[in-house]
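If you number the sequence shown the way UniProt numbering does, the last residue is 907 and the count never jumps.
Since the structure comes first, as structure tokens, the remarks are kept for the end.
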Amino acid sequence: MTTDTRRRVKLYALNAERQWDDRGTGHVSSNYVDRLKGISLLVRAESDGSLLLESKIQPDTAYQKQQDTLIVWSEGDNFDLALSFQEKAGCDEIWEKICQVQGKDPSVEITQDIVEESEDERFEDMSDTAPPIELPPCELARLEEISETIQNCLTTPLRKEKLSMALESENYIKKLLNLFHVCEDLDNTEGLHHLFEIFKNIFLLNKNALFEIMFAEDTIFDVVGCLEYDPSSTQPKKHRQYLKQWAKFREAVPIKNQDLLAKIHQTFRVQYIQDIILPTPSVFVEDNMLNTLSSFIFFNKVEIVTLIQEDERFLVDMFTILTDPSTSDAKRRDIVLFLKEFCNYAQNLQPQGKDSFYKTLTCLGILQALEITLVMNDQKTKSASIDILTAIVEFSPLVVRNYTLQQLNRTEGDRMLLNIAIEQMLSDSEPELGVAVQLMGIIKILLEPESMLTEKADFLNFFYKHSIQTLIAPLLINTIGDRPDSEDYQTAQLLGIVLDILSFCVEHHTYHIKNFIIQKDLLKRILVLMKSTHTFLVLGALRLLRKIIALKDEFYNRHIVKGNLFAPVVDAFIRNNGRYNLLESAILELFEFVKLEDIKTLCVYFVENFSKIFDEIEYVQTFKYLKNRYDQYQDRIKDRDKMSLDTSLPIIRSRFRRDPRQMDDEEEMWFNEEEDFADEYDTYNSVMKSVTEKNGPSQSPSQQSSIQQKSPPQGALLGSSSSVNSLSSTTTTATTLTPAVGVSGVGGVSSISGVSLSDVVSNASNSSSLDHSQSAAAATQAHLGAAAVAANIALHHQQQTALHNFQQQQQLNLNSTLVAAAAAAAAAQQQQQHAQNGYNFAALQQHQQQQQQELLQHHQRLVNGGAGSGGDSAGSGNTPNHSHSPNEEGEDLVMRQTPQHLLQQQQ
């Protein structure tokens, strides 16, 4: 026996709940400490040598020695400490040192008298302490006197202490138990009643030394016998019969350690005395009246768990038998029940000890064993297995998650622990669904993302890939039609549990459950349950929808609108027929949330589809408010459309189809673009002004022709080898064709610069000197100008769709558009000049149609590959030798960049 082993201790501290907390394991010593100026108890941790305890042995502190291996004392108010020694020899050494410091005899069990009374009581006790307490002789005729003496000693702590010493030193308890046998043999009921009062009061002395005497193997049943004869009962209780005959100890696996076996028996019997025989703690004046008895049981359980953990052979044999296919169901039941009690005892361990305990069980294969026992038909085995799994999951869900992920490597035929738990939950046949509710709690703990660390994504992926289909299987089977197929109460309860778990997933998971609900159209199947005859199931489906709406996720909102998923809710509201109940309140609260959070998508959907149903509801203002909000949305859209129409911008809005998901953002940003548009408009006017000043204010048709001849060929503008400089020069040359009209294609909005379309129309109407042909020419000019604007706007929005991928092509399109618009404006000006010179308008119109026909033919040849070789089609033998006017060349450039429908719009 080494010194280290002899001095090995566990340090405990009593917490506020009167439970012992394990402060660590180490080695105790008693040395002089200069800082404390006295002999002190020192406990250093055996793991790292850190100081766990440094307590000076005070001369007036009451130290108690209990069970030969415990030393308990108090430091300050409500701060109790305990040292639990591995060996009795070590406890005796430290106890002798404490007694030496305090000048006490080491044979005592307590070193000081406990005085907790007021000053008056202290003086009274001082007079009482002079003579020792003398107990009456232990005789049958003196039982009543003995009972009164013990009763009187319970009034003060000092009397209790003296009485305890007298009972222990004189072997008085065993003498009383001998009288008990005599009374039973003689059927002496009065004597038996006195003995009941005597032993009940001995328990209230709350002394560990007396407990050790009464709970010994040869005395505990006699003590229980004395407690059977309660004077308040007409018939004695048969506690001994229960402990000896009915409470059978089933040794599932043979226990060879006799100390462990005796400790198990003792703990069970003492626990029975505390829970069944003794009065409930509520009848005691003090809360800690029996705290020593609780401590006795606590330390016994800790010792049992420790002894079993240290016996590796015992645990290995037990799990081998449990997982052996040849083991009988009865044998498995006994082992599982033993493991359940084992886990219950482990609840007394501190977190560090619990962690070691569950790691030991996991390494030995307890989770694999639970896969077998959870599916057994025996209800006791199944219930105990669920209790074990609950204990493991509540302490460390990480252990179960990691084990579940490891099952991915199993063969296809093997069943997974998580799926087994789900299946057992769904197959619970008990009316109260106790198993199902307990398993639901386990599943929720495993799915709780806040308790997940690095395994979060992996475990959720596993669940949504391998397990959720098993969970929702009864829901899908029961909602094939438009009404639930099965309406029995058992099925409804199980579906309610499924909805509870799904609601938990919606609330705590993100994209996993959202993708699953949307892809499987699961919400539609869930809302079929709104037609159930069970109100709690209807409320469960509604609760899940409410949690989805609370997320304010547009993906969910569009899914609700697309599937018309408010319809089942509205139908349930109509069927409720105005009854003031929980269902109506829940539905009203759902729409009130939509109103308060201003969820536009759902508001518009609800009003457009269901507002007429709720128009007559006056007792809440929710639906009127939703209708008002909808009207405000519509008025805002109309106002924007009207303003857009005034600025000719509806061409842009109606030209391209918009994604409905982008509708709200575009509407909100519509007027924000006007400021940018005005800045771009001013910038382009300044550029056009400088170009006009450079090229002159006006040019004749011959000058225009010469400028057109100097401009680069079309192939240079559109070919892949053209440079930025050539693009710039081409744009400048094209814009000089019309000093009065320009096009801005910057920033996503196009407009006419210089002379606007309204100015052209105004000038044409105010010119009284023009004849009918002049007015017609002005109208033609306005028409062509508008066509050029429309073509330019449409083209530019087509460019916007490819902005991020084709930056260079956008610049080419922009310059080509400028050339085309300038050419169109030049043609309009030329037509006006012809009209002023007296040209026949009919002939001019015929000439224009001929030009447009030639342009169409030329574009058709380009589409068929005629312009694919060089970009300059004038030199090709397949192309007619045609001399382009400036207007024709501009139209040709537009055709190279625009689709057929845009060309038709220009025409």
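All C-beta atoms in this analysis are idealised placements derived from N, C-alpha and C, irrespective of residue type, glycine included.
Please read these numbers as outputs of a predicted model, since none were measured by experiment.
Is residue i near residue j, with beta carbons less than 7 Å apart?
i    : j    : result
L398 : L370 : no
I277 : N201 : no
S503 : L544 : yes
T404 : S385 : no
S532 : P484 : yes
A421 : C343 : no
M452 : L439 : no
N576 : E589 : no
I98  : Y63  : yes
C153 : L143 : no
F319 : L367 : no
I173 : L179 : no
I71  : V101 : no
C226 : F203 : no
With DSSP run on the structure shown, which of helix, strand or coil describes residue i?
i    : result
S326 : coil
E54  : strand
Q66  : strand
V538 : helix
F249 : coil
V33  : strand
G108 : With the sequence shown as reference, residue 108 is identified as Val, and Gly is not the correct amino acid for it. DSSP places V108 in coil when its eight states are reduced to three.
L192 : helix
L278 : coil
G24  : strand
I71  : strand
F215 : coil
L307 : helix
Following the continuous alpha helix (DSSP H) through residue i, name the residue where it begins and the one where it ends.
i    : result
T362 : 351 to 364
Y12  : Counting along the chain, Y12 falls outside any alpha helix (DSSP H), though it belongs to the beta strand (DSSP E) covering 8 to 14.
S585 : 582 to 597
D387 : 379 to 395
A421 : 417 to 426
N576 : 567 to 576
F555 : 554 to 562
P157 : 157 to 169
P474 : 468 to 478
L92  : Contrary to the premise, residue 92 reads as Asp rather than Leu in this sequence. Element bounds for D92: 88 to 102.
Whole-angstrom Cβ separation of residue i and residue j, contact assumed at under 8 Å?
i    : j    : result
L626 : K595 : 6 Å
I297 : V316 : About 29 Å separates the two Cβ atoms, so there is no contact after all.
E525 : L476 : In the sequence on display, residue 525 carries Arg and not Glu. Contact flag correct, Cβ pair sits at about 6 Å.
V393 : I445 : 5 Å
D334 : A252 : 4 Å
E75  : L81  : 6 Å
Answer with buried or exposed for residue i, where buried requires no fewer than 16 other C-beta atoms within 10 angstroms of its C-beta.
i           : result
N557        : buried
Y12         : buried
Y358        : buried
residue 923 : Residue 923 lies beyond the residue range present for the chain, which begins at 1 and ends at 907; the question has no answer from this structure.
T5          : exposed
G496        : buried
Q66         : buried
V305        : buried
F536        : exposed
V336        : buried
P431        : exposed
F656        : Residue placement at F656 is flagged as unreliable, the pLDDT there being 40, under the threshold of 50; the coordinate-derived value follows with that caveat. The residue is exposed, with fewer than 16 neighbouring Cβ atoms inside 10 Å.
W73         : buried
H181        : exposed
G292        : The displayed chain sequence assigns Thr, not Gly, to residue 292. By the neighbour-count rule (16 or more Cβ atoms within 10 Å), T292 is buried.
K465        : exposed
I613        : exposed
T234        : exposed
What residue range does the beta strand (DSSP E) around residue i cover?
i    : result
S451 : Counting along the chain, S451 falls outside any beta strand (DSSP E), and DSSP gives it neither H nor E.
Y605 : Taken as a continuous stretch (DSSP letters only), Y605 belongs to no beta strand (DSSP E), being part of the alpha helix (DSSP H) at 600 to 614.
D500 : Careful: D500 lies outside any beta strand (DSSP E), inside the alpha helix (DSSP H) at 489 to 508.
V224 : First-last for V224: 220 to 226, but that is the alpha helix (DSSP H), not the beta strand (DSSP E).
A45  : 38 to 45
L81  : 80 to 85
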